[in-house]
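If you read the protein sequences in the order shown, they are chains A and B. Numbering (this note's numbering) for the first sequence: 1 to 218. Numbering (this note's numbering) for the second sequence: 1 to 201. Glycine residues also receive a C-beta, built at the ideal position from the N, C-alpha and C atoms. Notes to accompany the following structure.
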Amino acid sequence: MPSVKIPRKSTDTDMTPFVDVAFLILTFFIMATKFKAPEPVEIKTPNSVSTKDLPNSDALMVLFDSTGRVFFSVLADKNPMEKYNVIKNLNTSQNLGLTDNEMKNFTKMPAIGVPFSKLKQMLAIPAEAQKDVRQPGIPVDTLGGELYYWIRDAIGTFTGKQLKYLVKGDNDAKYPNFKLVLGAFKRNDIYKFNLITSQEDAPLGTDLYNTRQKEKAK
Amino acid sequence: MASIEGGGDSGGHKKGPGVKKAKKLSTRVDMTPMVDLGFLLITFFIFTTTMSTPKTMDLYMPKDTNKDEEQNKAKESGSLTLLLGKNNVIYYYEGILKEDASNFLTTNFKDIRKLIIDKKKEVKRIHQHDSKCPDIWAKNGGDKNSCLDVDLVIVIKPDDEATFKNTVDILDEMTINEVKRFAMVDLFEVEKQLIKRTEGN
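Laid out in structure tokens, this is it:
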């Protein structure tokens with residue numbers, strides 16, 4: 001009796017669509033990723049309904065974490081020389097005695113949070129190793145402290161440009177820290193700030209929500 | 001009849017007996033390593049991507065001034081003072097704080113929105129057009145409703161125990177409820193005492 005042959009089906013599946021989708025996703029993530037040097041502190045920003053984007057050039061940023069440490073950062077993606085000029089300015093005005101290499105090192109740092117007295121020591125460490133060093137924060141008091149000089153000298157570098165002043169604070173930071181930071185800006189005659197926040201939608205039914213719906217309809 | 005020359009073997013020309021058929025090689029390539037690498041990259045990018053792009057929120061602070069004439073006076077009926085205390089508690093009073101502190105009340109961040117909305121409604125209801133209104137109408141293209149909440153002023157006073165999140169949240173409420181006039185100032189000594197006393201209970 002002849003045996004019935006069951007036709008063998010191949011176990012190979014066509015993977016092409018699967019691979020297509022995979023690479024599509026890959027492309028998306030490559031596009032969406034923005035590489036940024038990590039900041040020396042982790043700061044969880046509060047949410048707000050504002051929709052304005054963050055500038056990445058011509059801006060000064062002051063960060064403060066939950067323990068009240070204050071950091072200073074110059075955002076100059078377009079022209080990194082400006083960052084160099086800021087530290088050069090500060091070096092002259094505060095007699096810090098930094099070498100050219102140390103000042104160049106500063107341009108590689110995402111944010112700085114050490115008092116003037118420890119600045120030279122900090123900048124002597126190569127940029128790659130700096131993230132392992134715990135920075136104590138820039139001293140700030142009711143008269144602005146050293147932060148006042150940082151801001152003053154940075155503004156001096158950017159003369160003639162419209163600077164933005166960013167304040168990035170941690171959720172759990174206490175209000176007095178925020179006030180001191182604002183105080184340092186105020187002493188430099190700066191009254192307009194941009195607080196960095198994460199985005200959230202306007203709650204349903206509120207006035208802002210209605211206004212935005214109306215604008216959309218237009 | 002002339003045949004149409006088609007591709008392939010069907011109806012094509014016949015090969016001679018000595019011509020060997022070329023062995024067809026499979027065009028299939030093993031894609032597994034490529035796919036492996038692809039997924040490795042996907043995983044890497046998923047982990048490094050931060051999806052929420054940071055946004056910025058405007059904050060305009062007034063110049064510090066001690067001169068009385070430079071300070072804006074707020075109508076008592078339209079003012080609401082919010083004091084941010086510790087543990088996300090908000091203390092508030094409408095108008096001027098009474099001597100016996102009977103209008104000094106407590107709320108939280110969940111209920112504050114309703115409070116502000118109600119206050120805004122109340123201000124709009126009792127509003128009467130005055131000298132300030134024509135300017136505002138002109139700015140808003142003659143919209144007579146634009147002047148209704150002109151008297152609404154919210155004073156925000158975060159105390160030393162309030163967090164940065166609280167401050168931003170309450171400023172955000174101003175944007176959400178479109179409160180046009182608000183100010184962030186320091187607490188009075190009386191208010192500090194009251195907060196302490198309320199916290200003690």
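Check whether the Cβ atoms of B/I90 and B/N108 lie closer than 8 Å to each other. If you number the second sequence from 1, residue 90 of chain B lands on position 90. If you number the second sequence from 1, residue 108 of chain B lands on position 108. Yes, the pair counts as a contact, with Cβ atoms nearer than the cut-off.
In chain order, what residues of the same chain lie with their CB nearer than 8 Å to the CB of A/N96, ignoring the 5 residues before and after it? The count along the first sequence starts at 1 and reaches residue 96 of chain A at position 96. Position check: residue 96 of chain A holds Leu in this sequence, whereas Asn was assumed. So the qualifying residues of the chain are L90, F116, L119 and K120.
Which bits of chain A does B/D160 rub up against, with CB to CB less than 8 Å? Counted from its first residue, the second sequence places residue 160 of chain B at position 160. Going along chain A in sequence order, the residues near B/D160 (Cβ under 8 Å) are K174, Y175 and P176.
Would you check if the distance between the CB atom of A/T41 and the CB atom of A/V181 is smaller than 8 Å? The sequence position of residue 41 of chain A within the first sequence is 41, counting from 1. The sequence position of residue 181 of chain A within the first sequence is 181, counting from 1. First, the residue type needs correcting, since residue 41 of chain A is Val and not Thr in the sequence shown. It is not a contact, given that the beta carbons lie outside the stated cut-off.
Using three-state DSSP, classify A/F106 as helix, strand or coil. Residue 106 of chain A sits at position 106 when you count from the first residue of the first sequence. Helix at A/F106.
Integer Cβ distance of B/I96 from B/E122, believed to fall under 8 Å: Here residue 96 of chain B refers to the residue found at position 96 of the second sequence. Here residue 122 of chain B refers to the residue found at position 122 of the second sequence. Rounded, the Cβ-Cβ distance is 16 Å, inconsistent with contact.
At a CB-CB cut-off below 9 Å, which residues of chain B make contact with A/I196? Indexing the first sequence from 1 puts residue 196 of chain A at position 196. Here the neighbours are P54, K55, T56 and M57.
Looking at the structure shown, is A/F23 part of a helix, part of a strand, or coil, going by DSSP? The sequence position of residue 23 of chain A within the first sequence is 23, counting from 1. The answer is helix: DSSP assigns A/F23 an H, G or I state.
Check whether the Cβ of B/V150 lies closer than 8 Å to any Cβ atom in chain A. Translated into the one-based positions of the second sequence, residue 150 of chain B becomes position 150. By the rule that beta-carbons nearer than 8 Å mark a contact, B/V150 does not touch chain A.
Under the three-state DSSP convention, the category B/A183 falls into: One-based indexing of the second sequence puts residue 183 of chain B at position 183. DSSP places B/A183 in strand when its eight states are reduced to three.
What is the DSSP secondary structure of A/I112, reduced to helix, strand or coil? The count along the first sequence starts at 1 and reaches residue 112 of chain A at position 112. Reduced to three states, the DSSP call for A/I112 is strand.
Taking B/L152 as part of the beta strand (DSSP E), name the residues at either end of that continuous run. The residue given as residue 152 of chain B occupies position 152 in the second sequence. Segment: none, B/L152 is in no beta strand (DSSP E) and carries neither H nor E.
Please report the residue range of the beta strand (DSSP E) in which A/L147 lies. Here residue 147 of chain A is taken as the residue at index 147 of the first sequence, counted from 1. Run containing A/L147: none in the beta strand (DSSP E); it sits in the alpha helix (DSSP H), G145 to T157.
Please classify B/Y93: is it buried, with 16 or more other beta-carbons within 10 angstroms of its beta-carbon, or exposed? Counting from one through the second sequence, the residue named residue 93 of chain B turns up at place 93. Result: buried.
Proximal residues of chain A, C-beta to C-beta of B/E189 below 7 Å: In the second sequence, residue 189 of chain B corresponds to position 189, counting from 1. Per Cβ cutoff of 7 Å: no residues; B/E189 is ~16 Å from chain A at best.
Indicate whether A/D170 and A/K44 have their beta-carbon atoms separated by less than 8 Å. Taking the first sequence and counting its residues from 1, the one referred to as residue 170 of chain A is at position 170. Taking the first sequence and counting its residues from 1, the one referred to as residue 44 of chain A is at position 44. For A/D170 and A/K44, yes; Cβs fall inside 8 Å.
Less than 8 Å between the C-beta atoms of A/Y165 and A/N194, yes or no? Taking the first residue of the first sequence as position 1, residue 165 of chain A is located at position 165. Taking the first residue of the first sequence as position 1, residue 194 of chain A is located at position 194. Yes; because the gap between Cβ atoms is below 8 Å, this pair is in contact.
Assuming contact is defined by CB atoms lying nearer than 8 Å, are B/V153 and B/I136 in contact in what I supplied? Translated into positions along the second sequence, residue 153 of chain B becomes position 153. Translated into positions along the second sequence, residue 136 of chain B becomes position 136. No, they are not a contact pair.
Near-chain A residues of the region 167-178 of chain B (beta-carbon distance less than 8 Å), N- to C-terminal order: The residues in question are T167, V168, D169, L171, D172, T175, I176, N177 and E178.
Three-state secondary structure (DSSP) at A/S10? As a first step, residue 10 of chain A is located in the first sequence; it is residue number 10 there, counting from the start. DSSP places A/S10 in coil when its eight states are reduced to three.
A/N188, DSSP secondary structure in three states: Along the first sequence, read from residue 1 onward, the residue named residue 188 of chain A stands at position 188. In this structure, A/N188 counts as coil in the three-state DSSP scheme.
Interface residues of chain B around A/I30 at Cβ under 7 Å? What you label residue 30 of chain A is simply residue 30 of the first sequence in a count that begins at 1. Contact note: A/I30 reaches chain B through F45, using a C-beta cutoff of 7 Å and chain order.
Straight-line CA distance for B/F208 to B/I156? In the structure as shown, chain B begins at 1 and stops at 201. Residue 208 of chain B is therefore absent and cannot be evaluated.
CA-to-CA distance, B/K119 to B/E70, given in whole angstroms: On the second sequence, position 70 is the one that residue 70 of chain B refers to. On the second sequence, position 119 is the one that residue 119 of chain B refers to. Interpretation of B/E70 is limited by its pLDDT of 46, a score under 50 that renders its predicted location unreliable; no figure is taken from the coordinates.
Anticipated Cβ contact below 8 Å, A/F72 with A/I87, distance rounded: Stepping through the first sequence from its first residue, residue 72 of chain A is reached at position 72. Stepping through the first sequence from its first residue, residue 87 of chain A is reached at position 87. That belief does not hold up - the Cβ atoms of A/F72 and A/I87 are roughly 11 Å apart, past 8 Å.
With 7 Å as the limit, tell me which residues of the region 141-174 of chain A have their beta carbon closer than that to any beta carbon of chain B; keep them in chain order. Answer in chain order: L166, G169, D170, N171, D172, A173 and K174.
Given that A/Q199 touches chain E, what residues does it touch there, using C-beta distances under 9 Å? The structure shown has no chain E; the protein chains it does contain are A and B.
Please report the distance separating the alpha-carbon of B/V185 from that of B/K55. Here residue 185 of chain B refers to the residue found at position 185 when the second sequence is read from its first residue. Here residue 55 of chain B refers to the residue found at position 55 when the second sequence is read from its first residue. About 25 Å.
In angstroms with no decimal places, state the Cα-to-Cα distance between B/I116 and A/P203. In the second sequence, residue 116 of chain B corresponds to position 116, counting from 1. In the first sequence, residue 203 of chain A corresponds to position 203, counting from 1. Approximately 14 Å, taken between the alpha carbons.
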